[in-house]
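Heads up, the working numbering is the position in the sequence shown plus 8, with the first residue counted as 1.
All C-beta atoms in this analysis are idealised placements derived from N, C-alpha and C, irrespective of residue type, glycine included.
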Amino acid sequence: MIMGMVLGYKMNDADNPPLIQGIDMDESSARYGSGRVEEIIRFVDTRYVDEVDDSDLVESAITAVLDQLDPHSVYIAPEYMKSINANMEGQFKGVGIESYYLDDTVNIISVLKDSPADKAGLERFDQIIAINDIVVAGKGLPFSDISDMLSSEEEDKEVQIHKYRSKTEERVQLSITEIPLRSVEIFYMLTDKVGLIKIDRFSSKTYKEFMEALEDLVENQNLSHLVIDLRNNPGGYLPETTNILSQLMKEKDRLLVYTEGKANDRIDYTTTGKSFFNVERIAVLIDENSASGSEILAGALQDWDRGLVVGRRTFGKGLVQEQYPLSNGGAIRLTVARYYTPTGRSIQQSYDNLNDYHDVSKRYSSDTIQIVDSLKYYTKILGREVYGSGGIYPDVYVPISAADEDPGLISILSQIPEWTYMQLRDDKLNFEGTIEQIAAWELPTEVLQSFNEYVSGQKNQFASGYLNNYVSVIRKEIKAQMARILFGEIAENKVQIIGDKALDEALNYVQSDNSLEEYLESYN
9 MIMGMVLGYK MNDADNPPLI QGIDMDESSA RYGSGRVEEI IRFVDTRYVD
59 EVDDSDLVES AITAVLDQLD PHSVYIAPEY MKSINANMEG QFKGVGIESY
109 YLDDTVNIIS VLKDSPADKA GLERFDQIIA INDIVVAGKG LPFSDISDML
159 SSEEEDKEVQ IHKYRSKTEE RVQLSITEIP LRSVEIFYML TDKVGLIKID
209 RFSSKTYKEF MEALEDLVEN QNLSHLVIDL RNNPGGYLPE TTNILSQLMK
259 EKDRLLVYTE GKANDRIDYT TTGKSFFNVE RIAVLIDENS ASGSEILAGA
309 LQDWDRGLVV GRRTFGKGLV QEQYPLSNGG AIRLTVARYY TPTGRSIQQS
359 YDNLNDYHDV SKRYSSDTIQ IVDSLKYYTK ILGREVYGSG GIYPDVYVPI
409 SAADEDPGLI SILSQIPEWT YMQLRDDKLN FEGTIEQIAA WELPTEVLQS
459 FNEYVSGQKN QFASGYLNNY VSVIRKEIKA QMARILFGEI AENKVQIIGD
509 KALDEALNYV QSDNSLEEYL ESYN
């Protein structure tokens, strides 16, 4: 069996038969087999007074069965498989553009270097008018339909794009091919000795991307200490997580995580003892959206006292799923085991109350986890108290800011990316500096006034008062979006980390002269 986790899920070997036999939804009523559920559907199909969609009945039956289990045993409809697989495999078929769908028109935000779009001359701020002589602008088409025209399962399929920019139209020919979907896009030096690597998810290519980033920072930029940002990382393939952990510990055969279930024997994942780069101090950033693979990485480093864990309590997903394909193109994910950190902790959050389980705000506060002696464990080196159940609890807690949980401000901030893009596209907003200068650049007051007018014109119910109360937050987000559009994601991150208290705590530790034990004693 191939071990891996998709958003925290273990993938089934394609050569093994599926646990639930697939149902062909396009055959005659005999396709339903002889089970009780199949009998009911067959009676409905042949005797019910009205016409019904058999495939909808089957999907509802599958969902109803899985709903009786845990929150992570789920049915995945065929239409979602493509995007899920692309995210987890780290690639998709496309032309290499990122875009907004504004005013019923596809607007290009960025073009991936060396992609078919780049080679064909597509650029930021181009608008797509037609694809293969089919007009797609101003036709009210769903964006998903347009996206499908620019992707294909066929390798090197040709597509013609009719683009518009600055009152000039042009037709270009390009090929649809495999486009990388990186999970490690952001990495750079925070100081002359401290580097940052942000992992968005653990795809099948994350270990390779992580090592490429680490090699660049160590070999070319003299990294000594490392901050790993796992905030908003939902997890991914298990081997990618354990491979990265092996590079962060020099010792051989250290237990990193183990899985165990009713029908699955215990499987231990251990270090190889073959780390390629010398990383001294490590700090890990986590939050309430860090789940599964992120919790495995943070939990192993915490259990072995290898680094400082900073932020807020993680999501608390300690279950392992196997994914089985269905003949309709969908799949089911079935929980088959639990995973445990090196100290034996299960970090699975209780899901007796599903509303609380899915409400990440329940993990914001430092007192949202109930500590009981039966959940107490001790780290492997220093013997520090750590706790099981309910996620990974940070060594240094950093509360969420009032701005980050204010629904009114969140509503206003959600309008900034597209507004900023339109301002730059239409030459109403300009920045003449470099990527190094944009973080310190002072956004002109008239830009804020223009955004105020835009939000007010959108009749946003939260506009009144918020623009004045959160000027610094709004100013920073506009700058961050400008940085992303003009220079890319690293530039955006450099603006966003200004005033990042969790990152500041991480930097305090990795730059200190104290050991982890001494640092935590002084902190507490």
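query, result
"Suppose contacts are defined by Cβ-Cβ distances below 8 Å. Is serine 194 in contact with asparagine 516 by that definition?", "Note on residue identity: the sequence assigns isoleucine, not serine, to residue 194. No, the Cβ-Cβ distance between isoleucine 194 and asparagine 516 is not below 8 Å."
"In this structure, how does DSSP classify tyrosine 531 when only helix, strand and coil are distinguished?", "helix"
"Please report the Cβ distance between valine 328 and valine 292, rounded to the nearest whole angstrom; I am assuming they are in contact, meaning their Cβ atoms lie under 8 Å.", "Contact flag wrong, Cβ pair sits at about 22 Å."
"Applying the 10 Å Cβ sphere with the 16-neighbour rule, what's the burial state of glycine 55?", "One point to set straight first is that residue 55 is arginine, not glycine, in the sequence displayed. Answer is exposed; the Cβ neighbour count stays below 16."
"Are at least three pairs of beta-carbons, each pair with one atom in the stretch 82-98 and one in the stretch 107-119, less than 8 Å apart?", "no"
"Measure from the alpha carbon of tyrosine 395 to the alpha carbon of each residue in Leu437, Pro350, Asp521, then state which is nearest.", "Pro350"
"Considering only DSSP beta bridges, list what proline 333 is partnered with.", "Ala339"
"Helix or strand or just coil, what does DSSP make of valine 503?", "helix"
"Select from Ser520, Trp449, Gly496, Leu421 the residue whose C-alpha is nearest the C-alpha of leucine 475.", "Leu421"
"Based on DSSP bridge pairs, tell me the residues matched to glutamate 186.", "Lys101"
"At 3 residues or longer, and completely inside the stretch 60-92: list those beta strand (DSSP E) runs for me, N to C.", "82-84"
"Cβ of arginine 341 within 8 Å of Cβ of isoleucine 84?", "yes"
"Using CA coordinates, which residue listed in Glu525, Pro79, Lys487, Tyr531 is at the minimum distance from tyrosine 429?", "Lys487"
"Using 8 Å as the cut-off, can you tell me whether the stretch 232-243 makes contact with the stretch 300-312, which would need three or more C-beta pairs spanning the two stretches below that distance?", "yes"
"Can you name, in chain order, every residue of its own chain whose Cβ lies under 8 Å from the Cβ of phenylalanine 439, other than the five neighbours on each side?", "Ile446, Trp449, Met490, Leu494"
"Can you give me the Cβ contacts of arginine 314 inside the same chain, cut-off strictly under 7 Å, excluding the 5 residues immediately before and after it?", "Leu256, Met257, Ile290"
"Output the distance between the C-alpha atoms of lysine 436 and threonine 453, rounded to the nearest integer angstrom.", "14 Å"
"Just to confirm, are isoleucine 170 and isoleucine 116 a CB contact at a threshold of 8 Å?", "It should be pointed out that residue 170 corresponds to histidine in this sequence rather than to isoleucine. For histidine 170 and isoleucine 116, no; Cβs fall outside 8 Å."
"Alpha carbon to alpha carbon, how far is leucine 253 from glutamate 162? Give it in angstroms, no decimals.", "37 Å"
"Where DSSP assigns a beta bridge to methionine 197, which residues make up the other side?", "Gly203"
"Can you give the Cα-Cα distance for lysine 216 and serine 283, rounded to whole angstroms?", "14 Å"
"What's the gap between the Cα of glutamate 227 and the Cα of glutamine 466?", "50 Å"
"Under 8 Å Cβ to Cβ from serine 520, same chain only, skipping five residues before and after it: list those, please.", "Tyr527"
"Measure the alpha-carbon distance for aspartate 126 versus glycine 148 and round it to whole angstroms.", "27 Å"
"At 3 residues or longer, and completely inside the stretch 98-168: list those beta strand (DSSP E) runs for me, N to C.", "99-102, 105-110, 113-119, 135-139"
"Under 8 Å, do valine 455 and alanine 411 count as touching if we go by C-beta distance?", "no"
"In its own chain, which residues sit with a C-beta less than 7 Å from the C-beta of valine 406, not counting the 5 before and 5 after it?", "Val318, Gly319, Arg320, Lys509, Ala510, Glu513"
"Measuring only the C-alpha atoms, how far is asparagine 251 from serine 63?", "41 Å"
"Exposed or buried, what is alanine 306 when buried is set at 16 or more other beta-carbons lying within 10 Å of its beta-carbon?", "buried"
"From the DSSP output, read off the bridge partner residues of aspartate 276.", "Tyr266"
"Return helix, strand or coil for glutamine 4, following the three-state DSSP convention.", "The structure shown does not extend to residue 4, since the chain spans only 9 to 532, so no value can be given for it."
"Considering just the uninterrupted stretch of the beta strand (DSSP E) at glutamate 393, what are its terminal residues?", "393-395"
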